[in-house]
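A.B. asks: Residue numbers (the numbering used here): 669 to 922.
Think of the CB as a built atom: it goes at the ideal place given N, C-alpha and C, for glycine as much as any other residue.
Please read through the structure below; I'll follow up with questions.
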Amino acid sequence: MGLKQRLQLTTATTSIASFFSSTSKSTLDSTFTPSGSVVSLLKRCKSLAEAKLIHQQIVVRGLSLSLKADTTTPLSQLVHVYITCDAPSDALTTLKHGLLPSPYTVFYWNTLIKNNVLHRDLFNDALKLYVQMQRLGWRPDGYTFPYVLKGCGELPSFKKGASIHAAVRINGFDGNVFVCNAIVAMYGKCDALDDARLMFDEMSQRGVGDVVSWNSIIAAYVQTGDPATALKVCTMYNIQTSLLSEYIIWGVLW
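See below:
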């Protein structure tokens with residue numbers, strides 16, 4: 669840490685300590701709103717070190733006991749700061765021990781899972797988070813499934829992907845086009861073309877599909893070395909090539 673950073677941290681430490689020492693606990697407890705003092709303080713956080721200092725004060729002051737099942741509390745904002753500061757382990761610890769399960773706070777689990785899948789290539793870790801969130805009482809939603817399905821496809825793991833496909837049906841997201849497209853893509857990457865095609869056909873029958881659905885099934889055939897079937901799909905469903913992504917067109921023609 670350079671001199672400038674040390675000075676900034678010293679200033680922040682003094683400011684944070686002054687804020688908490690000059691504010692009564694009853695006042696702090698009454699500010700668990702989007703415009704609350706502690707939340708506002710966290711929103712002004714500029715570093716992981718500052719976030720941890722505030723977290724320490726929240727725990728010392730007993731504010732961590734004031735749990736709510738929404739995103740307006742200091743602890744939920746703290747999770748957001750940890751994620752922003754690329755500190756997933758701190759975010760996860762706070763999630764597991766500081767927040768109540770709810771449709772609102774599942775957003776943070778989705779963000780952690782997404783980061784593992786899209787930015788870290790930690791596909792198994794993403795699937796572990798998916799399991800953990802459910803054990804702790806959070807239910808996956810329409811944003812959770814596309815990321816974990818992508819993780820299954822990237823591994824690839826047909827067994828895990830099929831299990832999550834079953835969970836999609838159980839949780840009632842088999843009519844969600846984004847989730848269904850992710851299922852088609854997952855099966856394609858797992859070389860399970862029959863399953864990918866079955867999912868695609870089910871979507872078509874229910875009128876759920878979109879251009880991404882077409883691209884996904886065609887990509888599945890192309891990626892597994894079957895461009896002839898990919899062309900048949902284009903012809904069979906009378907798809908306009910202008911609707912297909914440039915990647916798919918070149919993949920089929922090449």
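Suppose you measure from the CA of residue 800 to the CA of residue 890; what does that come to, to the nearest Å?
C.D. replies: Residue 800 and residue 890: Cα-Cα distance of roughly 35 angstroms.
A.B. asks: What's the gap between the Cα of residue 789 and the Cα of residue 779?
C.D. replies: Their Cα atoms are separated by approximately 14 angstroms.
A.B. asks: Could you give the C-beta distance for residue 852 and residue 860, rounded to a whole number, given that I count them as a contact under 8 angstroms?
C.D. replies: Not confirmed; about 10 angstroms, so no contact.
A.B. asks: Determine the DSSP secondary structure at residue 842, reduced to helix, strand or coil.
C.D. replies: Residue 842 falls in the coil class under three-state DSSP.
A.B. asks: Hey, how far is the Cα of residue 883 from the Cα of residue 832?
C.D. replies: Going from the Cα of residue 883 to the Cα of residue 832 covers about 22 angstroms.
A.B. asks: Could you give the first and the last residue of the continuous alpha helix (DSSP H) run that contains residue 711?
C.D. replies: From DSSP, the alpha helix (DSSP H) with residue 711 extends over 705 to 711.
A.B. asks: So, residue 876 versus residue 848, is the Cβ gap smaller than 8 angstroms?
C.D. replies: Taking 8 angstroms as the Cβ cut-off, residue 876 and residue 848 qualify as a contacting pair.
A.B. asks: With DSSP as the reference, label residue 882 as helix, strand or coil.
C.D. replies: Helix at residue 882.
A.B. asks: Assuming residue 807 contacts residue 783 (C-beta within less than 8 angstroms), just tell me the rounded distance between them.
C.D. replies: At roughly 20 angstroms, the Cβ-Cβ gap does not stay under 8 angstroms, so residue 807 and residue 783 are not in contact.
A.B. asks: Between the beta-carbon of residue 824 and the beta-carbon of residue 857, is there less than 8 angstroms?
C.D. replies: Yes, the Cβ-Cβ distance between residue 824 and residue 857 is below 8 angstroms.
A.B. asks: Alpha carbon to alpha carbon, how far is residue 874 from residue 712? Give it in angstroms, no decimals.
C.D. replies: Using only the alpha carbons, I get a separation of about 47 angstroms.
A.B. asks: Closest by CA to residue 872, which one among 742, 786, 844 and 684?
C.D. replies: Closest option to residue 872, Cα to Cα, is 844.
A.B. asks: Suppose the cutoff is 6 angstroms on Cβ atoms and the five residues either side in sequence are ignored; what does the same chain contact list for residue 836 look like?
C.D. replies: Closer than 6 angstroms at Cβ, skipping near neighbours: 813, 842 and 847.
A.B. asks: Do residue 750 and residue 762 have their beta-carbon atoms positioned less than 8 angstroms apart in this structure?
C.D. replies: Yes, the Cβ-Cβ distance between residue 762 and residue 750 is below 8 angstroms.
A.B. asks: Roughly how many angstroms separate the alpha carbons of residue 893 and residue 887, rounded to a whole number?
C.D. replies: Going by the C-alpha atoms only, they are around 10 angstroms apart.
A.B. asks: Between the Cα of residue 803 and the Cα atoms of 855, 765, 743 and 899, which residue gives the shortest distance?
C.D. replies: Selected option, being the one with the closest Cα: 765.
A.B. asks: Using only alpha-carbon positions, find the residue among 725, 727, 719 and 769 that is nearest to residue 747.
C.D. replies: Ranking 725, 727, 719 and 769 by Cα distance to residue 747 puts 719 first.
A.B. asks: From residue 723 to residue 776, what distance separates their C-alpha atoms?
C.D. replies: Rounded to the nearest angstrom, the two C-alpha atoms are 17 angstroms apart.
A.B. asks: Please report the distance separating the alpha-carbon of residue 854 from that of residue 879.
C.D. replies: Answer to the nearest angstrom: the Cα atoms are 17 angstroms apart.
A.B. asks: If we ignore side chains and look at the alpha-carbon of each, how far apart do residue 792 and residue 827 end up?
C.D. replies: Rounded to the nearest angstrom, the two C-alpha atoms are 13 angstroms apart.
A.B. asks: Specify, as a first and last residue, the run of the alpha helix (DSSP H) that residue 897 falls within.
C.D. replies: Note, residue 897: alpha helix (DSSP H), 895 to 904.
A.B. asks: Between the C-alpha atoms of residue 829 and residue 820, what's the straight-line distance to the nearest angstrom?
C.D. replies: Rounded to the nearest angstrom, the two C-alpha atoms are 5 angstroms apart.
A.B. asks: Under the three-state reduction of DSSP, which class applies to residue 923: helix, strand or coil?
C.D. replies: The chain is shown from 669 up to 922; residue 923 falls before or after that span and cannot be answered.
A.B. asks: Would you report the Cα separation of residue 754 and residue 895, rounded to the nearest angstrom?
C.D. replies: Cα-Cα distance, rounded: 41 angstroms.
A.B. asks: Contact defined as beta carbons within less than 8 angstroms: I believe residue 816 pairs with residue 794. What is the distance between those atoms, to the nearest angstrom?
C.D. replies: Yes, they are in contact, since the Cβ atoms of residue 816 and residue 794 sit about 6 angstroms apart, within 8 angstroms.
A.B. asks: Given that a residue counts as buried once 16 or more other Cβ atoms are within 10 Å of its Cβ, and exposed if not, what is residue 834?
C.D. replies: With fewer than 16 Cβ atoms within 10 Å of its Cβ, residue 834 is classed as exposed.
A.B. asks: Roughly how many angstroms lie between the CA atoms of residue 867 and residue 818, to the nearest whole one?
C.D. replies: One C-alpha to the other measures close to 15 angstroms.
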